[in-house]
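Mapped onto my numbering, the consecutive letters of the sequence shown carry residue numbers 60 to 690.
Note sheet for the following structure.
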Amino acid sequence: MLAAGTSAAVVTLAVWYVLHSTSLPAFNTSMVTRALSTGGSFVVILCAALACWAWVRKRLSRPVRVLCQAVCGLAPAGLVITALGIPLASTRLWLDGIQVDQGFRTQFLSRMTEVATNQDMNYLDLPTFYPIGWFWLGGRLAHLLGMEGWEVYQPWALVSLAAAACALVPIWRKLCGSLPVSTLIALVSTGIVLTETPDEPYAAIVALFAPAAAVTAYKALTGSWQATVVLALYLGVSAMLYTLFTAIAALTVVVIAVLLWFRRKFARGPVVHLLASGVGALCIAAIGWAPYLYESAFGGFDVRHTANHFLPAQGTVIPLPFFSLSIIGVLSVLGLIFMVGRLHVPEVASLAVMVVVCYTWVIVSMFASLLGTSLLGFRIEVLLMLLFSTVGIFAVADLRTAGVDYYYPGHFKERTQRVITAVLIIVVAAGTLSFVQRIPALNEAHIDQAYSDTDGFGERADRFPPDPGRYYGEIDEFIQSHGYTPGETVVYTDEINFMAFKPYHGFNAFTSHYANPLGEFHLRNEALSQWAKLSFDAPEKLDAAMQDTKWTAPQAFIFRGTMSDDLREDATENRDVAWKTHIGHNIFPSEPNVRYEGLFFNPKAFPRETWDAKQIGPFVVVVRNAATPEK
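Below is the structure:
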């Protein structure tokens, strides 16, 4: 597994480098990359199909066997490259550019590039609440490649997705004993996550291994210590990547353990292995979670969680993937039938338990809205697609290995059997191609955004004029010219993109949903509102009020507005001359779940002897003079 993942990572990184050394046209202004993507996906599927066909012939020389294993093992990485790597070849940004959620993720990656310790993406001197694993590793890759955090997002996303997808091949081969079946599961699973959750690579990685974790859980709970160790590793590591899917997997393990405990008349075995895997997983997860949990319990913070305050339209529908008009729909139908018919098979039953857990989670999430929260049930659809498709592939394999002989015993010669196998491989390969060639189109809006957003160098990949983000570099230089360094400086701004590209600490997060509960988002919002009002009521008292706050006061502000020589002397309550920023309010259960409030600051509250101000594009950047005492 490690060899497969490492090989895929190296190959993907090398191909990414080659792609970014070319000058392919932008995805949103040309069809060239779409054509190359489809052609590349065809080659990947064709090579995998030929390797599988050669493998089932059995009479292979050792070099051919090694070649078949290599092709099958690297095919998922090829799919990641052709489906997303090629369409993104001419931009430095990942899917969805730097918009909203990607802004926060990019901010965290920039933070983990700047430091190697457990720190929050935004707040100074706080451990992270957002799972650290994927971002910490991405930061180390950024150091290795000499890149900034935002710039490493794309190569790290491709590399990590490819490595995880390729690791599925040896894992499923170990579980089911068939290279062709494991290859098909890996390819289909890769296609699913690349359409359902490609903008969150860390979530996609955890999802990819979820079906295998369900099967491993049964083996672990029935006495395999090797499986118990593997299960503990999966649960522990996934908890540092994406906790929602970890919760689904952990609940599945508990349900299987309870069922086995009753079935085996209260035997100790399932309980012992459940406790062993659970304790092991908690020890691993503590690497990332212990600092936050300790501060939450003993730090004296006013902790409020709003990360689950989100219920979009997708969260009001129960996912039924077997009605999809694609190979995923066909496999899901076969999987549903096979699951019901082979429920007595332990491995199939384990996957069925996870399906039941997923549907229970989705439905409970809908009713949880009555309690003022949700369980983010809409994100579970990708797990259901993976589970049904995986069982569907087992159904296809069973149909070939047992079904033909069962229904037509002795009627087919060996040559006819080979023809049936070849036809089945061709049909499955064609169906897979029909699905994966649509991945760029399904992600078109996200890819277009990656080309139309202004990146950290102030450029747009589609060569159109950049937005005001082109001034971020000049703003950074102005702040640093006063002796401040990003990793030690607190800034308040509503320009989330600036915070994503430049690793400054924010006085407050932009929305409560991505804010660390230890950061006391609601209290900081109140403080900002009071400061804005005070800047007009008693401008001379603003600086003292900021210094008296219990948090580190902002050393710089980035406002929207204009400056003139006399503005800071003669400002009034006229909002036309005030400097503007925003704060966000959580208004769940309304959708959208965030309301933004404009705050206006009186320029007169920032006297020249304490603050230096400069007009940079549409921004007014106000920086505390370095000689001024700071809290």
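Every residue gets a Cβ at the ideal spot worked out from N, C-alpha and C, and that includes glycine.
Suppose the cutoff is 8 Å on Cβ atoms and the five residues either side in sequence are ignored; what does the same chain contact list for residue i look like?
i: R654; result: G643, H644, I646
i: A221; result: A67, A68, V70, T71, P135, A136, V139, I140
i: G144; result: T71, V74, W75, L78, L217
i: P378; result: V421, I439, E440, L443, M444
Do residue j and residue i count as a contact pair if the criterion is CB distance below 8 Å?
i: I675; j: Y551; result: no
i: S588; j: T365; result: no
i: D521; j: A85; result: yes
i: L445; j: V414; result: no
i: L290; j: A316; result: no
i: G192; j: L300; result: yes
i: I387; j: I251; result: yes
i: S169; j: A559; result: yes
i: D361; j: L582; result: yes
i: C342; j: T242; result: no
i: L238; j: T281; result: no
i: T491; j: L246; result: yes
i: I264; j: V416; result: no
i: T287; j: A298; result: no
i: G657; j: H641; result: yes
i: Q213; j: R151; result: yes
i: A454; j: L402; result: no
i: N177; j: P190; result: no
According to DSSP, simplified to helix, strand and coil, what is residue i?
i: K117; result: coil
i: V174; result: coil
i: I534; result: helix
i: F678; result: strand
i: E326; result: Checking the displayed sequence, the identity of residue 326 turns out to be Ala instead of Glu. DSSP places A326 in coil when its eight states are reduced to three.
i: K690; result: Residue confidence for K690 is low, a pLDDT of 46 falling below 50, so the modelled location carries little weight; the figure read from the coordinates is stated next. Three-state result, K690: coil.
i: G359; result: coil
i: L280; result: helix
i: I251; result: helix
i: W610; result: coil
i: T44; result: Within the shown structure, residues of the chain are numbered from 60 to 690, placing residue 44 beyond reach of any answer.
i: P618; result: A small fix is needed here, since residue 618 is Phe in this sequence, not Pro. Strand, per DSSP.
i: I191; result: coil
i: E354; result: helix
i: C644; result: Cys is not the amino acid found at residue 644; the sequence shown has His there. H644 falls in the strand class under three-state DSSP.
i: L147; result: coil
i: T513; result: strand
i: D602; result: helix
i: A408; result: helix
i: R401; result: coil
i: R497; result: coil
i: R522; result: coil
i: F86; result: coil
i: E632; result: Unreliable placement is indicated for E632, whose pLDDT of 49 sits below 50; no coordinate value is reported for it.
i: F665; result: coil
i: D160; result: helix
i: M206; result: coil
i: D457; result: helix
i: G64; result: helix
i: N556; result: helix
Spell out the partners DSSP gives residue i in its beta bridges.
i: D179; result: According to DSSP, D179 bridges with nothing at all.
i: R565; result: Note that residue 565 is Gly in the sequence shown here, rather than Arg. In the DSSP output, where bridge partners are listed per residue, G565 has V550.
i: Q657; result: Residue identity differs from the one stated: residue 657 is Gly in this sequence, not Gln. DSSP, once it has assigned bridges, lists H641 as partnering G657.
i: C672; result: The sequence given here places Ala at residue 672; Cys does not occur at that position. Paired residue(s): V681.
Taking 7 Å as the limit between beta carbons, can you name the residues of its chain near residue i, skipping five residues before and five after?
i: D671; result: H541, V682, N684
i: L434; result: N367, W420, V423, S424, A427
i: A664; result: S594, P598, L601
i: Y277; result: I315, P405, E406, S409
i: L133; result: S66, A67, V70, C225
i: V123; result: A113
i: E518; result: P525
Report, in whole angstroms, the separation of the C-beta atoms of residue i and residue j, which I expect to be a contact under 8 Å.
i: S355; j: L154; result: Not a contact, Cβ separation roughly 32 Å.
i: L395; j: F381; result: 5 Å
i: A574; j: F580; result: 4 Å
i: A271; j: L234; result: 6 Å
i: A113; j: L119; result: 6 Å
i: I439; j: V240; result: Actually they do not touch by this definition, with Cβ atoms about 25 Å apart.
i: F660; j: A591; result: 6 Å
To which residues of the same chain is residue i closer than 6 Å at the C-beta, ignoring the five residues directly before and after it?
i: I485; result: none
i: P717; result: Here the chain covers residues 60 to 690 and nothing more, so residue 717 does not appear.
i: P146; result: F86, T92, S96, P499, I506
i: P615; result: Here residue 615 turns out to be Ala, not Pro, going by the sequence shown. Taken in chain order, the residues that qualify are I538, V550, V682.
i: A262; result: T256, Y301
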